[in-house]
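**Student:**
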Amino acid sequence: MSIKCTVTTDLQAKDKNGYSGIQKHVEHDKKINHTNQDIVFSETQFNQYDKSPKTRAAIDQWNNEHFKDYVEEHDKHQREKGHAERQYGSVKNYLKRKKKATAVLTIGNMEVQSKLMQQFCPKTSYQEEKLPDGTTHLVFKLKDQNNQPIPDNIAVAKQFYGCFNRALIKATNNNVGWTLKDKSRVNVGDYLHRGRYATNNDEMGISHIHYEVATFGMTRGGKKRAAHVTNSLNQALVSLHHAVTGKYCSGRDATKWFRANMDQFALKCLEDELHKTYKVPQNKKILDFERKTKEDKTVQTGLSMEQLKAQHQEIADHQKAVQSLQSQADNLTNQKNDVQSQVATVTQNLKSIYEAATGHQAVDKDGNDLSPLAMANGITKAARSSQKDKQQAEQNANAAQEKQTAAENQQKQLDQQLAHQRQQLQTLQNQISDADKQIKQRKLQRIKAAQQEIDQNDLLDNNDQPITVTEANVTQMEQELDSWRQEERDNWETDKQDYQDELDNLNQEITTARTTKTELSTTNQQLTTQNQQLQNENTTVQNQINDYKNQLVDTIAENAPEHKVGSSLLNPNETAQPVISDIGRKQHLRQTLKYLMDTAIKVLQKIKIEAINLINETTKVLITTPNTKPDHLHSAYIDSNTIQASIHPFSHLKEEQLENNPVLKLKKAILIANTEQLQRTNQQLKNNINKQLSQDNDLQR
């Protein structure tokens, strides 16, 4: 089965330094403190470089051939206009002021490289190495335990990386191109000419190549100026596209077209090298081209350093869900402990109440402890003998009701405080949103002001094309406008008196712009500080993820010690072990958070069902009564004058929920068995019942 493989061609024209500006970055000299911390310096020996004077001379010659006539014509025109100081003098001076292009070609990613190593290299030649986020990737094992080179492994790595080096160099050669229908040939090197280059096989991603690009294109021309040569990267791509297809397109479309062709060709080069090197049959496909974008939800994480860093954000996004599930697990555990404690407490309290009410020990004639039913019957008989105790119990019940009402009022106050805090949080969020809007609005004002000034002065770019100010280039445009103003001031110095008023206005605008820039810089610095704080907090949360996993595994081990991970989630030839064992615990910790949370929920739900069954059985015993007919029943007469309207609204849904609640059923049975005398005898039992009723009411809300 072929391996899905992405290819990326990244063309850039950032500054005037070009390849010289990135040369230290690509050489990977161990003595230099690189910002890139993902370099495996033991594998730097497999990189391949071309920075020879011959290559530099070839670039200079290529530039002279393409721009010499244009520079000479430009200088001649400036001399005729009397502006000898505006001459370029040479092609080198002309290009010195222009942006220079570089490119990076990457075939595959870290996952692809690991799969290829497993497919073509001996298992003894490589080993796993951990990345900063805890995941692993494969690197060649080039030294033994005594730090001595391993020649066989070095040879394997050289052969493996040689495939990538040859494929990357071949894919970027200047003679790569298209043969047209008229048998003529268009080479990429006619418009995008490769110069110096460096292949990098020693980064924790995938092998890639950095290379210098000399660019040549022709503008389309217009009413103000005829078509002329340019070293603009976009124009070079547009000219190459036109030479191959005969059609004009935008720079963006030309870039997409170039990448689509070069990416496919680069993958074919690597495919050919792998077939040749490892003697793979031609009919067996090794790599299958795959295009992935930022919008593609199928893009996998954990395969390159950029994707691994993005994974941290995804983990942070799931933090709330993890905390919520952990809270539910804690609540269920607490409920189970409370139920068990209440059952034990009820039994002990029944025994104490029985002894207090009857004056006898809670044992039968054989000396065995009485059952809860027997104790309840004895307590009931003793309770019926005292009407005075009934009145006292009614008073105690009223007092308990008053306490419950006070607790409900306190809960309402807490709810109001929570609502107030939420409102304050929303206010802070609105303030942050307003600040973001103000920053964006200010940037739009800067763009509008810069564009307006460019349009008012009919300013054009180096190719005499209209300039469009965007969010991406507004800072650069402001800097270039500053430079343009300075040039205007230098020219106006010869007639200073006539333009003094206009010069004062420009200086005032510059002062205002600098003041605004200072204010924006201060605001940006504050936002940067806030962002750093958020990043630090996010790092702390990420470090807690492993603790959450351990807590989930502890919950599973405590409540289901014999639980085993499914065989489909284990490594090949690995046998599932109980979570209580060391091996079983490690097997569980390797699983995803979702698996552990689902397993913990299932275990706790099972415990919850067992607790409810225990409650139902206890309730059934408490409410069971003997077949004998009760004596001395009280009158059911009700004095209607004592009935008063309740201040609390009646909710049949709430009453139905309370009636079906197993815990409340147990409490109701206890209250029926423990009449007024029992309530007076054991105040602690009433406090526990009131506390539980309050907790149940909170949960139902």
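When the letters of the sequence shown are read in order and numbered with my numbering, they come out as residues 468 to 1168. Positions of the beta carbon are idealized from the N, C-alpha and C atoms, including for glycine.
#1: Excluding the five sequence neighbours on either side, which residues of its own chain have a C-beta within less than 8 angstroms of the C-beta of Tyr486, listed in chain order?
#2: Tell me whether Ile574 is buried or exposed, calling it buried when 16 or more other Cβ atoms sit within 10 Å of its Cβ.
#3: Leu478 by DSSP, collapsed to three states: which one?
#4: Which value, in whole angstroms, describes the spacing of the CA atoms of Lys764 and Gln1011?
#5: Can you grab the Cα-Cα spacing for the pair Ser771 / Ile673, in whole Å?
#6: Span of the alpha helix (DSSP H) holding Thr712?
#7: For my contact list, Asn641 and His660 are in at a C-beta cut-off of 8 angstroms; report their separation, rounded to the angstrom.
#8: Express the C-alpha separation of Asn576 and Thr768 in angstroms, rounding to a whole number.
#9: Since I believe Thr825 is in contact with Gly845 (beta carbons under 8 angstroms), could you give me their beta-carbon distance rounded to a whole number of angstroms?
#10: Helix, strand or coil for Glu757 per DSSP?
#11: Compute the Euclidean distance between the alpha carbons of Gly656 and Lys691, then round it to the nearest angstrom.
#12: Tell me the residue span of the beta strand (DSSP E) that contains Thr682.
#13: How is Cys716 classed by DSSP in three states: helix, strand or coil?
#14: Just reading off the alpha helix (DSSP H) that His541 is part of, what are its end residues?
#15: By the DSSP assignment, the beta strand (DSSP E) with Phe607 in it spans what residues?
#16: Which residues mark the beginning and the end of the alpha helix (DSSP H) in which Tyr561 is found?
#17: What first and last residue would you give for the alpha helix (DSSP H) that runs through Leu1056?
#18: Which of helix, strand or coil does DSSP assign to Tyr658?
#19: If we count the other Cβ atoms within 10 Å of its Cβ and call it buried at 16 or more, is Gln615 buried or exposed?
#20: Mind checking whether Ser469 and Asp755 have CB atoms under 7 angstroms apart?
#21: Can you round the beta-carbon distance between Thr744 and Cys630 to whole angstroms, since I take them to be within the 8 angstroms contact cut?
#22: How close, in whole Å, do the beta carbons of Leu837 and Ala849 come, if the pair is a contact with beta carbons under 8 angstroms?
#23: For the pair the stretch 908-928 and the stretch 882-894, tell me if three or more CB-CB distances fall below 8 angstroms.
#24: Is the stretch 550-560 close to the stretch 529-540, with three or more CB pairs under 8 angstroms?
#25: Residue range of the beta strand (DSSP E) that Asp571 falls in?
#26: Which residue wins for smallest C-alpha separation from Lys582, given the options Gln1018, Val705, Asn620 and His604?
#27: To the nearest angstrom, how far is the alpha carbon of Arg633 from that of Glu976?
#28: In this structure, does DSSP put Glu670 in helix, strand or coil?
#29: Please look up how many angstroms separate the CB atoms of Ser509 and Lys597, rounded, as I've assumed it's under 8 angstroms.
#30: The alpha helix (DSSP H) that contains Cys472, what's its start and end?
#31: Could you check the C-alpha separation between Lys543 and Phe534 for me, to the nearest Å?
#32: Assuming Leu700 and Thr712 make a contact with CB atoms under 8 angstroms, what is their CB distance in whole Å?
#33: Who are Thr686's beta bridge partners in DSSP?
#34: In angstroms, rounded to a whole number, what distance separates the CA positions of Ser651 and Gly644?
#35: Helix, strand or coil, according to DSSP, for Ala551 in the structure here?
#36: If you run the structure through DSSP and keep just helix, strand and coil, what is Val507?
**Tutor:** Straight from the coordinates:
#1: Result list for Tyr486: Lys567, Thr569, Gly662, Arg663, His677, Tyr678 and Glu679, in chain order.
#2: Buried, since its Cβ has 16 or more Cβ neighbours within 10 Å.
#3: In this structure, Leu478 counts as strand in the three-state DSSP scheme.
#4: Its pLDDT being 40, under 50, Lys764 is placed unreliably by the model, and nothing is read from it.
#5: With a pLDDT of only 40 at Ser771, under 50, the local geometry of the prediction cannot be trusted, and no value is derived from it.
#6: Bounds of the alpha helix (DSSP H) holding Thr712 are Leu700 to Thr712.
#7: Confirmed, about 6 angstroms.
#8: Annotation note: pLDDT 32 at Thr768 (below 50); position unreliable, no value reported.
#9: Gly845 to Thr825, Cβ: 5 angstroms. Contact.
#10: Here DSSP, grouped into helix, strand and coil, assigns Glu757 to coil.
#11: Here the alpha carbons of Lys691 and Gly656 stand approximately 31 angstroms from one another.
#12: Segment His675 to Thr682, the beta strand (DSSP E) holding Thr682.
#13: Coil.
#14: It spans Pro520 to Glu547 - the alpha helix (DSSP H) in which His541 sits, taken as one unbroken run.
#15: Per DSSP, Phe607 belongs to the beta strand (DSSP E) from Thr603 to Phe607.
#16: Val558 to Lys563 is the extent of the alpha helix (DSSP H) around Tyr561.
#17: Per DSSP, the continuous alpha helix (DSSP H) segment holding Leu1056 begins and ends at Asp1049 to Leu1056.
#18: Coil.
#19: Classification of Gln615: exposed, given that the 10 Å Cβ count is below 16.
#20: Yes, the pair counts as a contact, with Cβ atoms nearer than the cut-off.
#21: In this structure, Thr744 and Cys630 form a Cβ contact; the two beta carbons are roughly 5 angstroms apart against a cut-off of 8 angstroms.
#22: Leu837 to Ala849, Cβ: 14 angstroms. No contact.
#23: By the Cβ test, the stretch 908-928 is not in contact with the stretch 882-894, since fewer than three Cβ pairs between them sit closer than 8 angstroms.
#24: With the cut-off at 8 angstroms, the stretch 550-560 and the stretch 529-540 touch.
#25: Position check: residue 571 holds Val in this sequence, whereas Asp was assumed. Unbroken beta strand (DSSP E) run through Val571: Lys567 to Ile574.
#26: Closest by alpha carbon: His604.
#27: Going by the C-alpha atoms only, they are around 56 angstroms apart.
#28: Correct three-state label for Glu670: strand.
#29: Lys597 and Ser509 do not touch by the CB rule: their CB atoms are close to 16 angstroms apart, not below 8 angstroms.
#30: Not the alpha helix (DSSP H): Cys472 falls in the beta strand (DSSP E), residues Ile470 to Cys472.
#31: For Lys543 and Phe534, the distance between alpha carbons rounds to 14 angstroms.
#32: Actually they do not touch by this definition, with Cβ atoms about 19 angstroms apart.
#33: Partner(s): none; Thr686 has no beta bridge.
#34: One alpha carbon belongs to Ser651, the other to Gly644, and they sit about 11 angstroms apart.
#35: Ala551 falls in the helix class under three-state DSSP.
#36: In this structure, Val507 counts as coil in the three-state DSSP scheme.
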